[in-house]
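Peer 1: At position 58 of the sequence shown (counting the first as 1) the number is 58 in UniProt numbering, and the numbers step up by one without a gap.
Just dropping this structure here.
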Amino acid sequence: MSNSPSKKQGLIHKIRELRLECIDIDEHYDVIKDIGSGDYGKVMLAVHRQTGTEVALKAVPKVTTPLRDFLVEFHYSYFLSPHHVILDTYDVAFETREHYCFAQEVAPLGDLWQAVERTGGFGMDERDVKIVVQQISSALEFLHDKELVHRDVRAENILIFSPDFSRVKLTDFGLTRRAGTLVKKRTRSLPTCPPEIWETVHLEGYHVECGSDVWQLAMLIFALLRARFPWEKADITDPRFNDFSEWQKRKTTRTPKEFRKFTPRLLRMYRRMMEIKPSKRYPVTEVRKYFKDRWMMQRSPRNTMANKYNPPALEIERDDQLLKPCATVTRSLSCSNVFSQSPRMSELRKSKDDNATSTLGRQFLSPI
């Protein structure tokens, strides 16, 4: 049928209503340590007792997280993970007395902000930044093509799988919603948030827009290159943001102080991707035009590739190349049942390489 692709596309917006199995986590897992924590809850490194499989368990507290919000995050995390720049989420979700939990693959090298901190304030090498941004922009394009907005693109939500940054993955879809959705502001604003979010007061409603991800991607580039943010808040009460806003609106020709180490080409990208009005921002694909350009006017002393400005070897691939088909998933959401069918981590991870199924690379499960 001619309309079947659109029907399949629409399936991703249908959130599964699931009955979660309530378990004692210590009976099924050996929890090794906490590997992340924040306002959302925590992530634990754990080993499944029956199979010896190592997983990352994301646990969100019931007292602050409605079940519906948990199911939305689990749904998008799972059905977006066929894209190879999105963290693998397994069809394993359950609840304990205090938390809702689901299982994901383990990132062996931590997150991108930890890598930035290891530079001692110099920022990452320009070439490495381009390799990362090529991958993350492809993941965001994948989301936007499905009318989804991540809404929390930052270095802490990008996990590293190879020391040379040739394999990183986007994670944390707790704020992901369909473009156009009316949401209420419930979380605190971060320096990475665009001005329209800063202007919104607590519990005020606003509509989700893809332009939010575009702004955050541009902020990510700044943070990786400079090892800091250009301002504390994207509001005119912040002098540094106000300087940027005046420059962006062309009320002054003076380049903002925090941006003076960038080349004219990168400044052009910032003008387009960081328009104050979200409706005027260019799409996330705009960043592709600048990968072959020099980004920094000066290089830090630590850089051993100061005279090399060739584009990264990583090729920009289209979504149909980035999607790796995966194995058909089990209907069971019991942690013991799921892992007993997949006794090796390698079998779980090869889910992106075996047996094509649907457009999303996953078979949708019927609501329980």
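Ideal Cβ positions, reconstructed from N, Cα and C, are used throughout, including at glycine.
Small disclaimer: the values here were computed from a predicted structure and weren't measured.
Whole-angstrom Cβ separation of S189 and W198, contact assumed at under 8 Å?
Peer 2: 5 Å
Peer 1: Anyone know if the C-beta pair for I221 and K249 falls short of 8 Å?
Peer 2: no
Peer 1: Measure the Cβ-Cβ separation of P295 and T263 and say whether it is below 8 Å.
Peer 2: A quick correction: the sequence has Trp, not Pro, at residue 295. Yes, these two residues count as a Cβ contact at 8 Å.
Peer 1: Sort out for me which residues DSSP pairs G110 with in a bridge.
Peer 2: In the DSSP output, where bridge partners are listed per residue, G110 has none listed.
Peer 1: Can you find the residues in the same chain that come closer than 6 Å, C-beta to C-beta, to Y76, ignoring five residues on each side of it along the sequence?
Peer 2: F173 and T176
Peer 1: Tell me Q104's beta-bridge partners as DSSP assigns them.
Peer 2: DSSP links Q104 through a beta bridge to A56 and T89.
Peer 1: When the Cα atoms are used, what is the spatial distance from R142 to K185?
Peer 2: The residue you asked about is not Arg; residue 142 is Phe in the sequence shown. Near 25 Å, if we compare the C-alpha coordinates of K185 and F142.
Peer 1: On the three-state DSSP scale, how would you describe E17?
Peer 2: coil
Peer 1: What is the rounded straight-line gap between the Cα of V116 and the Cα of V55?
Peer 2: 25 Å
Peer 1: Rounding to the nearest angstrom, what Cα-Cα distance links K251 and P239 in this structure?
Peer 2: Cα to Cα, the separation comes out at about 15 Å.
Peer 1: Pick out the complete beta strand (DSSP E) segments inside the segment 137-188, 3 residues or longer, and give them in chain order.
Peer 2: Those beta strand (DSSP E) runs which fall completely within the segment 137-188 and span 3+ residues are 158-160, 168-170 and 182-184.
Peer 1: Quick check: the Cα distance between E21 and A59, rounded to an integer number of angstroms?
Peer 2: 14 Å
Peer 1: How far does the alpha helix (DSSP H) with V72 in it reach, from first residue to last?
Peer 2: L67 to L80
Peer 1: Here's a check: name, in chain order, each residue in its chain whose Cβ is nearer than 7 Å to the Cβ of residue 421, leaving out the five neighbours to either side.
Peer 2: Lying outside 1 to 368, the shown extent of the chain, residue 421 is not represented and no answer is given.
Peer 1: Under the three-state reduction of DSSP, which class applies to M44: helix, strand or coil?
Peer 2: strand
Peer 1: Got a sec? Which residues, its chain only, sit under 8 Å from V149 by beta carbon, not counting five neighbours each side?
Peer 2: Cβ neighbours of V149 within its own chain (closer than 8 Å, five residues either side excluded): L143, T176, R177, R178, A179, V208, E209, C210, S212 and D213.
Peer 1: Return yes when the Cβ of L224 is within less than 8 Å of the Cβ of A155, no when it is not.
Peer 2: yes
Peer 1: Pull the bridge partners of E99 from the DSSP assignment, please.
Peer 2: Strictly speaking, residue 99 in this sequence is His, with Glu absent from that position. Beta-bridge pairing links H99 to P61.
Peer 1: What first and last residue would you give for the alpha helix (DSSP H) that runs through G211?
Peer 2: G211 to R226
Peer 1: If you run the structure through DSSP and keep just helix, strand and coil, what is Y290?
Peer 2: helix
Peer 1: Determine the extent of the alpha helix (DSSP H) in which S279 is found, giving its start and end residues.
Peer 2: Where S279 is concerned, there is no enclosing alpha helix (DSSP H), given that its DSSP letter is neither H nor E.
Peer 1: Less than 6 Å between C-beta atoms, sequence neighbours within five positions excluded: which residues of the same chain meet that for V31?
Peer 2: Leaving aside the five residues that flank V31 on each side, the residues in its chain whose CB is nearer than 6 Å to its CB run, in chain order, M44 and A46.
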